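Visitor: Residue numbers (the numbering used here): 1 to 262. Here it is, the structure in full.
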């Protein structure tokens with residue numbers, strides 16, 4: 001019986017304690033965070049915000065900016081942390097942000113801990129904050145980083161708009177994806193769906209080129225049809241006006257002849 005209890009204790013130790021000491025956890029203070037979980041400030045992805053307007057358009061990139069410093073990011077990349085230069089040093093922030101409901105006075109549908117291990121549930125990222133300065137949007141509530149309309153922090157996208165031959169692209173900065181919104185122009189993507197900023201995917205391709213050609217074709221068909229209809233209406237009005245004028249002349253002539261006979 002004693003031996004059996006020892007075996008049980010050893011088994012519990014291995015199953016409970018051993019995974020804990022071998023777990024891989026990261027937080028804002030961790031050293032050497034894997035690139036998959038942090039947007040690092042590097043020469044090849046760093047750009048001044050004032051230069052974004054003159055940069056060649058790349059629909060596969062978007063930008064997180066802090067003051068005048070921006071980090072260029074691949075569209076499908078996600079990370080929990082981000083770094084920016086500040087006072088000749090590199091400052092790290094928690095990028096993952098939650099929505100705070102002012103009516104309920106609480107953070108909604110958000111988790112401070114994110115599983116990062118593919119197979120082991122004991123591997124996680126600790127995204128809890130202790131003060132505002134740890135959060136990218138400079139607001140920490142109940143140890144959650146939450147979205148905040150801090151003018152120093154913003155997100156920028158290249159937005160494509162237009163129809164047929166009247167198409168254009170512009171850089172728009174605003175709220176990032178999943179932040180709450182009411183109108184399209186609040187979002188960097190210029191797309192507010194179901195009261196949240198959402199992705200606005202656009203990438204030039206053969207299909208988008210074909211779509212543009214089809215739109216242009218129908219646009220000119222409509223223009224030609226409108227010109228034809230307007231021309232017909234104009235001709236009809238001119239002819240109708242001339243017809244009324246001739247009838248009036250005939251009536252006046254008939255009236256004059258009748259007066260002369262009398």
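All residues carry an ideal CB built from backbone N, CA and C; glycine is no exception. Please read all numbers here as calculations on a predicted model, not as lab measurements.
1) Report the rounded CA-to-CA distance for residue 70 versus residue 53, giving the unit in angstroms.
2) Using DSSP bridges, identify the partner residues of residue 153.
3) Specify, as a first and last residue, the run of the beta strand (DSSP E) that residue 124 falls within.
4) Closest to residue 129 by CA distance: which of 28, 233 and 185 is it?
5) Consult DSSP for residue 91 and reduce its assignment to one of helix, strand or coil.
6) Would you mind stating whether residue 99 and residue 41 have Cβ atoms separated by less than 8 Å?
7) Tell me the DSSP secondary structure of residue 20 in three-state form.
8) So, helix, strand or coil for residue 41, using DSSP?
9) In angstroms, rounded to a whole number, what distance separates the CA positions of residue 45 and residue 224?
10) I'd like the list of long-range same chain contacts for residue 21, defined as Cβ closer than 8 Å, with 5 residues on each side in sequence excluded.
11) Quick one, which of 146, 243, 156 and 47 has its alpha-carbon nearest residue 106's?
12) Taking residue 158 as the reference, give the member of 168, 238 and 150 with the closest Cα.
13) Give the range of the beta strand (DSSP E) segment to which residue 107 is assigned.
14) Could you pull the DSSP bridge partners for residue 169 from this structure?
15) Is the beta carbon of residue 136 closer than 8 Å to that of residue 95?
16) Report the CB separation of residue 79 from residue 38 in whole angstroms; it is logged as a contact under 8 Å.
17) Sorted by chain position, which residues of the same chain lie with C-beta nearer than 7 Å to residue 124's C-beta, five sequence neighbours on each side aside?
18) Return the first residue and the last residue of the beta strand (DSSP E) that residue 28 is part of.
19) Which class does residue 34 belong to by DSSP, given the choice of helix, strand or coil?
Guide: To lay it out plainly:
1) Stepping through the chain shown from its first residue, residue 70 is reached at position 70. Stepping through the chain shown from its first residue, residue 53 is reached at position 53. Annotation: residue 70 to residue 53 spans about 12 Å, alpha carbon to alpha carbon.
2) Mapped onto the chain shown, residue 153 falls at position 153. Residue 153 pairs with 66.
3) The sequence position of residue 124 within the chain shown is 124, counting from 1. Where residue 124 is concerned, the enclosing beta strand (DSSP E) starts and stops at 124 to 126.
4) Position 129 of the chain shown holds residue 129. Closest option to residue 129, Cα to Cα, is 28.
5) Position 91 of the chain shown, counting from 1, holds the residue named residue 91. Residue 91: strand per DSSP, three-state reduction.
6) As a working note, residue 99 is residue 99 in the chain shown. As a working note, residue 41 is residue 41 in the chain shown. If you check the CB distance, residue 99 and residue 41 do not come in under 8 Å.
7) Working through the chain shown from its first residue, we reach residue 20 at position 20. Residue confidence is low: residue 20 scores 40 on pLDDT, short of 50, so the model does not pin down where it sits. Its coordinate-derived value is still stated next. Note: residue 20 maps to helix in three-state DSSP.
8) Start at 1 with the first residue of the chain shown, and residue 41 comes out as number 41. Coil at residue 41, not helix or strand.
9) Taking the chain shown and counting its residues from 1, the one referred to as residue 45 is at position 45. Taking the chain shown and counting its residues from 1, the one referred to as residue 224 is at position 224. Approximately 48 Å between the Cα atoms of the pair.
10) The sequence position of residue 21 within the chain shown is 21, counting from 1. In this prediction, residue 21 scores a pLDDT of 41, lower than 50, which makes its location untrustworthy; the coordinate-derived value is nonetheless stated afterwards. Result list for residue 21: empty, nothing under 8 Å.
11) Here residue 106 is taken as the residue at index 106 of the chain shown, counted from 1. Among 146, 243, 156 and 47, the Cα nearest to that of residue 106 belongs to 146.
12) For this step, residue 158 is matched to residue 158 along the chain shown. Per the Cα distances, 168.
13) Locating residue 107 in the chain shown gives position 107, counting from the first residue. Boundaries of the beta strand (DSSP E) harbouring residue 107: 106 to 108, taken from the DSSP string.
14) As a first step, residue 169 is located in the chain shown; it is residue number 169 there, counting from the start. In the DSSP output, where bridge partners are listed per residue, residue 169 has 160.
15) Position 95 of the chain shown holds residue 95. Position 136 of the chain shown holds residue 136. For the 8 Å CB-CB criterion, residue 95 and residue 136 form a contact.
16) The residue you call residue 79 lines up with position 79 of the chain shown. The residue you call residue 38 lines up with position 38 of the chain shown. Confirmed, Cβ separation roughly 5 Å.
17) Looking up residue 124 in the chain shown gives position 124. Apart from sequence neighbours up to five positions away, the residues of its chain that approach residue 124 with a beta-carbon distance below 7 Å are 25, 113, 114, 115 and 116, ordered along the chain.
18) As a first step, residue 28 must be located in the chain shown, where it is residue number 28. Bounds of any beta strand (DSSP E) do not take in residue 28, whose DSSP letter is neither H nor E.
19) For the purposes of this step, residue 34 is identified with residue 34 of the chain shown, where counting begins at 1. Looking at residue 34 - three-state DSSP - the assignment turns out to be coil, as it is neither helix nor strand.
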